[in-house]
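Read through the structure below, which is laid out as C-alpha coordinates, and then see the notes.
Put into C-alpha coordinates, the structure is as follows:
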(Lines of atoms letter the chains of each structure in order from A and count residues from 1; the text may use other names and numbers.)
(Lines give C-alpha, C1' and ligand atoms only; values in the text may rest on other atoms or scores of the structure.)
Protein backbone atom coordinates (compact mmCIF):
# COMPACT_ATOMS: atom_id res chain seq x y z
CA UNK A 1 0.00 0.00 0.00
CA UNK A 2 2.80 2.43 0.88
CA UNK A 3 4.60 1.90 -2.43
CA UNK A 4 1.33 2.39 -4.26
CA UNK A 5 0.80 5.66 -2.39
CA UNK A 6 4.30 6.85 -3.25
CA UNK A 7 3.74 6.01 -6.91
CA UNK A 8 0.49 7.97 -6.90
CA UNK A 9 2.18 10.99 -5.31
CA UNK A 10 4.93 10.89 -7.93
CA UNK A 11 2.32 10.68 -10.67
CA UNK A 12 0.49 13.69 -9.24
CA UNK A 13 3.73 15.69 -9.04
CA UNK A 14 4.41 14.95 -12.71
CA UNK A 15 0.88 16.04 -13.59
CA UNK A 16 1.56 19.41 -11.98
CA UNK A 17 4.21 20.17 -14.58
CA UNK A 18 1.70 19.56 -17.37
CA UNK A 19 -1.02 21.80 -15.93
CA UNK A 20 0.86 24.72 -14.31
CA UNK A 21 2.02 27.71 -16.32
CA UNK A 22 3.98 29.45 -13.57
CA UNK A 23 6.61 27.67 -11.47
CA UNK A 24 8.19 28.54 -8.17
CA UNK A 25 11.96 28.30 -7.83
CA UNK A 26 11.81 24.73 -6.49
CA UNK A 27 9.35 23.62 -9.17
CA UNK A 28 11.48 25.17 -11.92
CA UNK A 29 14.54 23.38 -10.56
CA UNK A 30 12.71 20.06 -10.73
CA UNK A 31 11.18 20.82 -14.14
CA UNK A 32 14.56 21.68 -15.65
CA UNK A 33 16.35 18.92 -13.74
CA UNK A 34 18.91 21.46 -12.49
CA UNK A 35 20.35 21.85 -9.02
CA UNK A 36 19.02 24.81 -7.07
CA UNK A 37 22.50 26.33 -6.85
CA UNK A 38 22.96 26.19 -10.63
CA UNK A 39 19.49 27.63 -11.25
CA UNK A 40 20.32 30.45 -8.83
CA UNK A 41 23.55 31.09 -10.76
CA UNK A 42 21.55 31.30 -14.01
CA UNK A 43 19.06 33.75 -12.52
CA UNK A 44 21.67 35.95 -10.85
CA UNK A 45 23.50 36.20 -14.18
CA UNK A 46 20.25 36.92 -16.05
CA UNK A 47 20.90 33.88 -18.24
CA UNK A 48 17.42 32.40 -17.87
CA UNK A 49 14.06 34.22 -18.05
CA UNK A 50 12.50 34.74 -14.63
CA UNK A 51 10.28 37.13 -12.67
CA UNK A 52 10.56 38.82 -9.27
CA UNK A 53 7.14 40.40 -8.66
CA UNK A 54 7.90 41.46 -5.07
CA UNK A 55 11.64 41.82 -5.62
CA UNK A 56 12.47 38.67 -3.66
CA UNK A 57 10.66 35.48 -4.71
CA UNK A 58 11.58 34.04 -8.10
CA UNK A 59 8.99 32.71 -10.53
CA UNK A 60 9.31 31.17 -13.98
CA UNK A 61 6.93 30.82 -16.91
CA UNK A 62 6.77 27.27 -18.25
CA UNK A 63 6.73 28.26 -21.93
CA UNK A 64 9.79 30.48 -21.50
CA UNK A 65 11.66 27.66 -19.76
CA UNK A 66 10.78 25.28 -22.60
CA UNK A 67 12.04 27.83 -25.15
CA UNK A 68 15.21 28.32 -23.11
CA UNK A 69 15.80 24.56 -23.16
CA UNK A 70 15.52 24.58 -26.95
CA UNK A 71 18.38 27.06 -27.40
CA UNK A 72 21.39 26.05 -29.48
CA UNK A 73 20.03 22.94 -31.20
CA UNK A 74 22.59 20.49 -32.52
CA UNK A 75 21.91 19.39 -36.08
CA UNK A 76 22.06 15.75 -37.04
CA UNK A 77 24.42 14.57 -39.76
CA UNK A 78 21.42 14.03 -42.03
CA UNK A 79 20.29 17.65 -41.55
CA UNK A 80 23.80 18.96 -42.28
CA UNK A 81 24.08 16.81 -45.41
CA UNK A 82 20.66 17.99 -46.62
CA UNK A 83 21.59 21.66 -46.06
CA UNK A 84 24.92 21.16 -47.84
CA UNK A 85 23.16 19.58 -50.80
CA UNK A 86 20.65 22.44 -50.96
CA UNK A 87 23.47 24.97 -50.82
CA UNK A 88 25.41 23.29 -53.63
CA UNK A 89 22.30 23.01 -55.82
CA UNK A 90 21.30 26.67 -55.32
CA UNK A 91 24.82 28.11 -55.73
CA UNK A 92 25.99 26.71 -59.04
CA UNK A 93 29.39 28.03 -60.17
CA UNK A 94 29.46 30.75 -62.80
CA UNK A 95 30.67 29.79 -66.27
CA UNK A 96 33.50 31.85 -67.72
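Residue numbers (the working numbering): 4 to 99.
The beta-carbon is built from N, C-alpha and C at its ideal position, and this holds for glycine as well.
Treat the numbers as computed from the prediction; the structure is a model and nothing was measured.
- Residue pairing of residue 25 in beta bridges, as defined by DSSP: 64.
- Burial state of residue 26 is buried, judged by a 10 Å Cβ sphere holding 16 or more other Cβ atoms.
- For residue 85, the uninterrupted alpha helix (DSSP H) run begins and ends at 80–93, by DSSP.
- Rounded to the nearest whole angstrom, the C-alpha separation of residue 36 and residue 85 is 33 Å.
- DSSP lists no bridge partner for residue 43.
- The beta carbons of residue 42 and residue 32 sit closer together than 7 Å.
- Between residue 67 and residue 52, the CB-CB gap stays under 7 Å.
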